[in-house]
Every structure is written in structure tokens, then in C-alpha cells.
Amino acid sequence: MIFDVITIFPEFFNGPFDYGIMRRGRENGLIEIRVHDLRDFTSDRHRTVDDRPFGGGAGMVMKPEPLFRAVEAVTNGEPDLSVLLLSPQGRLFDQPTAREYAEKPRLVLICGRYEGVDERVAENLITDEVSIGDYVLSGGEIPAMVVVDAVTRLIPGALGCEQSAERESFAGGLLDYPHYTRPAEYRGLKAPDVLMSGNHSEIERWRRHKAIEKTLRRRPDLIRGRILSDDERREIEDVLRTMMNDE
Ligand code: 4GX
């Protein structure tokens, strides 16, 4: 997978991709991250990428010409590419979206700054406008890193020993179950006995119960938004019953 990142701060990307899964992915050729300086695609002496908004108002807007030229240059006119704009106005980036992007051979990510980009860019150059969450950042660089990270770990072979990218938080639409490691007792705080029992089907059941419980408490929206099988409905009712009895 090739990631092309277009930014006015290319140095921002020195470092974040040099660790862990992304480092290994780059070393073994699974991913390639190309960072492009938007100012290299300007044609004036001052390398201008922004201008004042038509109609007036505060802030600056990213000019269309450098963005069009940058995308055309880095993609060489290759058709059917996904060109992402990171923006708070975008569709919320989630695990299903990450999975969808992991299937693609190439992703172009445009990092906006200022008040955003000229709408003609959004309408005619971008294929997907993507938000990483409902808060306002100072630029699209960190969101681009978030997308590259989440997508990379879903590329087959990216997780060393094929530990499942899909057995974790959100994979089954639930939050993760709690984890424990040694010592079995620390400052009087005990790890649950069931995890020491060696009974794997019991452990499986306990983990699933805890995952459902945590999701009901913290993110009921994840459960409400799902179509449930009869088995899942029974399981959730079961968890709710024990929660009521314990409190
Ligand atoms: N998830 N920002 C982008 C400038 C901007 C505005 C509109 C394009 C269109 C953000 C987020 C985010 C702040 C990055 C505004 N660029 N991006 N920037 N949340 O807050 O993705």
C-alpha cells in the first residue's frame, strides 16, 4: 500500500512512522509513505498556498491550484484513486472505514490548514472527506497519521505473528475485555481467579461477559446501533441481570 501525504509541514511526519508496526511495515515493503510538500506545487515566488476568503471573514483558505497540481503530480493521472481530505466536516473515521481503506493499493491524504480548502477542491478533487472525531485540531496532519496507523495494522502481514487485528476493541463492535498479567496479587488487588483456572471456555465466556458489560456502561451507542441475533440479545440480558444484582 502506498500512502501519499500532501502537507505544508512535511517535517511533521519525521518520526511518527518510525516505530512499531508502521516501521516494520515500511521495512518489509508492505507499506510506503511518501510525504509531499504542498509548496513544491506552487508557481509564485512566495510559494503561496492560501488566500483570503471571497465574501470576507476571518482566516485564510487553501488555494485550489497547488492542491490540484500536487494530486495530479503524485498520482500521475492514475484513475480510481481514493483522495482523502482530513476535515471536521468529513464522515467519521471508524474501524469499518479503516478496513475498507486497507483493501486499496494506494491512498492520497490531503492535510488541510487554516479555515480549510476552496470548495472546488472538496467537490472535484477529493473522493472522501474524513473526520477523526468531533473536536477541532489545528491541521489535518495528525488526522492523516491516525488514518495511516489504523489502516496499516489491518494490512495482511503487518501484525508480526498474525495476532488478530480483528480480535481487539471494536472488531466485534464491542469494547475490549479487561486484561491482567503477573503478579496475581498486587498491593492487595487480585486478578480474577477465572483467568488462572486454565478452563478456556470459562475464560472465553468471562471475557465476552466483561466486554459486553464495559460496552453497556461506557458506549451503549455501540450496542444500540447494532442488529442483534437472538443469542446476542440473550447474552446482553444476562449481563444486564448480573449488573443489576451486583449494584
Ligand atoms: N478530523 N482539523 C483540518 C483545516 C481544514 C478545515 C476544513 C480542510 C477542511 C480534523 C478532525 C480537524 C481542523 C483538520 C481543521 N481542512 N480533521 N483543519 N477533527 O479538526 O480531521
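For the sequence shown, this note's numbering gives the first residue as -15, with consecutive numbering after it.
The beta-carbon is built from N, C-alpha and C at its ideal position, and this holds for glycine as well.
Closer than 6 Å: residue i CB and nearest ligand 1 heavy atom
i, result
"Pro48", "no"
"Val101", "yes"
"Gly4", "no"
"Pro0", "no"
"Pro37", "no"
"Ile116", "yes"
"Ser27", "no"
"Val120", "yes"
"Ser71", "yes"
8 Å contact criterion, which residue i and residue j should meet: CB distance rounded
i, j, result
"Glu16", "Ile(-14)", "5 Å"
"Arg10", "Phe(-3)", "Contact flag wrong, Cβ pair sits at about 12 Å."
Beta carbon of residue i nearer than 7 Å to that of residue j
i, j, result
"Leu76", "Tyr85", "no"
"Glu197", "Val223", "yes"
"Ile110", "Val67", "yes"
"Tyr161", "Lys194", "yes"
"Ala128", "Val19", "no"
"Arg210", "Ile5", "no"
Selected residue, minimal CA-CA separation from residue i, among the options
i, options, result
"Arg8", "Val19, Gly144, Gly43, Asn229", "Gly144"
"Tyr119", "Leu70, Ser66, Leu158, Arg201", "Leu70"
"Ala142", "Pro204, Asp(-12), Asn12", "Asn12"
"Phe38", "Glu231, Lys47, Phe1, Glu(-5)", "Lys47"
"His30", "Val19, His20, Pro50", "Pro50"
"Val114", "Gly156, Asp64, Val131", "Val131"
"Glu87", "Ile94, Pro72, Leu65, Val105", "Leu65"
"Thr81", "Asn108, Pro89, Ala134", "Ala134"
**Asked** Given 8 Å as the limit, is there contact between the stretch 173 to 183 and the stretch 119 to 128, that is, 3 or more CB pairs closer than that?
**Response** Flag = no, the stretch 173 to 183 and the stretch 119 to 128 do not touch.
**Request:** For the stretch 90 to 107 and the stretch 37 to 55, state whether three or more C-beta atom pairs, one from each stretch, are separated by less than 8 Å.
**Result:** Under the Cβ criterion (8 Å, minimum of three pairs), the stretch 90 to 107 counts as touching the stretch 37 to 55.
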